[in-house]
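Position one of the sequence shown corresponds to residue 2 (this note's numbering), numbered consecutively onward.
Single-structure report; data block below.
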Amino acid sequence: MEYDRFAEIYGVWTDTAVSAQANLGFYRDAYTSASGVVAELGIGDGRIAIEAARLGRNIVGVDLSPVMLERCRERAREAGVLERLTLLQGDFRGFTLPEPAALISLPYHSLGHLTTLDAKREAVRHVFSQLAPGGRFIFDDFQMTPTRLESFRQVQLRASFPAPDGTERLLWVTSLVDAGAQTMRVVTWEDALDGNGVLQERRYRPLSLSWLTPVQAQALLEDAGFTIEACYGDFSRAPFGEDAPEQVWVARKGTIS
Ligand SMILES: C[S@@+](CC[C@H](N)C(=O)[O-])C[C@H]1O[C@@H](n2cnc3c(N)ncnc32)[C@H](O)[C@@H]1O
2 MEYDRFAEIY GVWTDTAVSA QANLGFYRDA YTSASGVVAE LGIGDGRIAI EAARLGRNIV
62 GVDLSPVMLE RCRERAREAG VLERLTLLQG DFRGFTLPEP AALISLPYHS LGHLTTLDAK
122 REAVRHVFSQ LAPGGRFIFD DFQMTPTRLE SFRQVQLRAS FPAPDGTERL LWVTSLVDAG
182 AQTMRVVTWE DALDGNGVLQ ERRYRPLSLS WLTPVQAQAL LEDAGFTIEA CYGDFSRAPF
242 GEDAPEQVWV ARKGTIS
């Protein structure tokens, strides 16, 4: 699983990502205001869930990567909220919640780790099956534009930071994009430099990612039986438009009264 290796740099990755900073409050508030079971799919290191747990919310977290789940466990323990989390190792398409949920979230473009439309369809249908009547599914995806695709193709120095062993680390990223297939291979590499700036080691950590068009996202939700409540263009709930940075979908199992 790609995230088993990516886990080591996940904290630096999210600390330096504009969209990760932007989505935190949106999801945290959705978790704390839901009444009933809340589950986060792809809980990762618990970046969002732990913030909600600090406010008293119990969360079920699902993730395929045992290394990410262990990182989440450690961070929750340090925050003193481990007892508020139930962590399950499983796939977006095959998890079983202890009871039907009031809210299931899939934050931070993570549905895109399933790289075919069929796999995404299976996941969205499975989410529907795990919700209580009236329950909500909230997820976000990139709103991909030619300009955004071009920026993914650029090489970017993402962060410079000291490692625990005293070496300086540089984290770089670029992406190999297949615009037709709506997929990309995000390639990160981490350079370890000694005190003279000489490269000691380089580690690559690739991730497979993909995106949906808004039309595809709407069709997947409706096909699964969801009623669409909203599609926002960002995490401040601005209306969705062609130039919006994100697609933020809020869907309900059942009709909206
Ligand atoms: C971008 S991270 C998001 C983590 C967290 N939700 C956040 O916002 O910081 C994606 C997470 O989804 C998990 N993941 C990827 N594919 C998955 C799958 N098919 N089933 C379950 N988890 C998966 C990864 O292991 C990773 O922890």
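Note that CB positions come from ideal geometry on N, CA and C, so glycine has one too.
C-beta atoms of residue i and residue j nearer than 8 Å
i, j, result
"leucine 107", "leucine 42", "yes"
"serine 66", "tyrosine 4", "yes"
"leucine 112", "glutamine 90", "no"
"alanine 18", "arginine 126", "no"
"arginine 137", "alanine 220", "no"
Cutoff 8 Å; reference residue i; Cβ partners in own chain excluding five residues on either side
i, result
"histidine 110", "Ser20, Asp141, Asp142, Phe143, Leu210, Trp212"
"glycine 26", "Phe236"
"glutamine 131", "Ala40, Phe96, Thr97, Leu98, Pro101, Ala102, Ile105"
"leucine 83", "Arg74, Ala77"
Beta strand (DSSP E) segment containing residue i, residue limits
i, result
"serine 66", "First-last for serine 66: undefined, no H or E at that position."
"glycine 234", "Unbroken run through glycine 234: none, as it is neither H nor E."
"threonine 189", "184-194"
"phenylalanine 138", "132-143"
"isoleucine 105", "102-107"
Alpha-carbon to alpha-carbon, residue j and residue i
i, j, result
"arginine 48", "threonine 214", "27 Å"
"serine 36", "asparagine 197", "56 Å"
"threonine 15", "arginine 122", "27 Å"
"alanine 120", "arginine 94", "8 Å"
"threonine 87", "asparagine 59", "8 Å"
"threonine 168", "tyrosine 233", "42 Å"
"alanine 245", "phenylalanine 153", "16 Å"
"tyrosine 32", "leucine 200", "44 Å"
"valine 188", "leucine 172", "11 Å"
"glutamate 191", "arginine 203", "6 Å"
"glutamate 79", "glutamine 22", "21 Å"
"glutamate 223", "alanine 231", "13 Å"
"arginine 238", "aspartate 166", "42 Å"
Residue i - containing alpha helix (DSSP H), residue span
i, result
"glutamine 22", "19-34"
"threonine 15", "11-16"
"arginine 6", "3-7"
"glutamate 41", "Counting along the chain, glutamate 41 falls outside any alpha helix (DSSP H), though it belongs to the beta strand (DSSP E) covering 39-42."
Cut-off 7 Å between Cβ atoms - residues of its own chain near residue i, not counting five sequence neighbours on either side
i, result
"alanine 133", "Gly37, Pro101, Ala102, Ala103"
"leucine 115", "Phe93, Lys121, Ala124"
"aspartate 195", "Thr168, Gln201"
"phenylalanine 291", "Within the shown structure, residues of the chain are numbered from 2 to 258, placing residue 291 beyond reach of any answer."
"alanine 53", "Arg29, Tyr32, Thr33, Ile60"
"valine 156", "Trp173, Thr175"
"leucine 150", "Val178, Ala180"
Buried versus exposed, by CB contacts within 10 Å (16 or more), residue i
i, result
"alanine 164", "exposed"
"serine 34", "exposed"
"glutamine 183", "buried"
"glycine 242", "exposed"
"valine 128", "buried"
"aspartate 46", "buried"
"glycine 135", "exposed"
"leucine 56", "exposed"
"arginine 206", "buried"
Beta-carbon contacts of residue i that lie in its chain and below 6 Å, excluding the five residues immediately before and after
i, result
"valine 63", "Leu42, Leu89, Gly91, Phe96"
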